[in-house]
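Numbering (our numbering), first residue to last: 6 to 152.
Ideal placement from N, C-alpha and C gives every residue a C-beta, glycine not left out.
Please read all numbers here as calculations on a predicted model, not as lab measurements.
Here the structure comes first, spelled out in structure tokens, and everything after it is commentary.
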């Protein structure tokens, strides 16, 4: 009987250790990440919803040049297609990159504003961030690991 109880507990244990998925809204307000997120958006003059993270979907982990990143996104509540924000964050090094996208319906164009993404970062950073905005990252996550 004792072995049966132990076996049952061990089979259920992985369910308790499963981490909750990370959302941009949680990332934006969590004590461990709020400071780095606030510094990223501080001078960018973005809409107010970006500060809280907006409406989002769970983070996806990717690897770029040997660094693991959590890639998450949010959008303007009640009008997702008009404004989106994607963030890549490396928990080990605290590197953070982002892109803000605004769709202009009048002339059917999309404006992208890159945050903390310069010439010295690999182009793969931009690729992953844009893939998050477009939905490609969710549809094909295995295609966005660049070693």
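Below 8 Å on the Cβ atoms is my contact criterion, and I expect residue i with residue j to pass it. Report the Cβ-Cβ distance as a whole number of Å.
i	j	result
residue 91	residue 134	5 Å
residue 131	residue 119	7 Å
residue 150	residue 72	With a Cβ gap of about 11 Å, residue 150 and residue 72 do not count as contacting.
residue 69	residue 127	6 Å
residue 121	residue 102	5 Å
Note down, in chain order, each residue of its chain lying with its Cβ closer than 7 Å to the Cβ of residue i, except the 5 sequence neighbours on either side.
i	result
residue 27	63, 64, 75 and 77
residue 54	81 and 82
residue 152	68 and 71
residue 79	29, 30, 58, 59, 60, 61 and 90
Helix, strand or coil for residue i per DSSP?
i	result
residue 143	helix
residue 12	Residue confidence for residue 12 is low, a pLDDT of 42 falling below 50, so the modelled location carries little weight and cannot support an answer.
residue 63	strand
residue 70	coil
residue 42	helix
residue 78	strand
residue 135	helix
residue 157	Outside the modelled stretch of the chain, which goes from 6 to 152, sits residue 157, for which no answer is possible.
residue 122	coil
residue 100	strand
residue 47	coil
What does a CB cutoff of less than 6 Å around residue i pick up in its chain, not counting 5 residues either side in sequence?
i	result
residue 182	Look at the range of the chain in this structure, 6 to 152, and you will see that residue 182 is not part of it.
Classify residue i: buried if its beta carbon has 16 or more other beta carbons within 10 angstroms, exposed otherwise.
i	result
residue 38	buried
residue 123	exposed
residue 140	exposed
residue 9	Reliability fails at residue 9, whose pLDDT of 42 lies under 50, so the model's placement of it is uncertain and the value that follows must be treated cautiously. Exposed.
residue 47	exposed
residue 33	buried
residue 88	buried
Closer than 8 Å by C-beta to residue i: which residues in its own chain qualify, once you throw out the five before and the five after it? Chain order, please.
i	result
residue 115	106, 107, 108 and 109
residue 57	30, 33 and 34
residue 52	81 and 88
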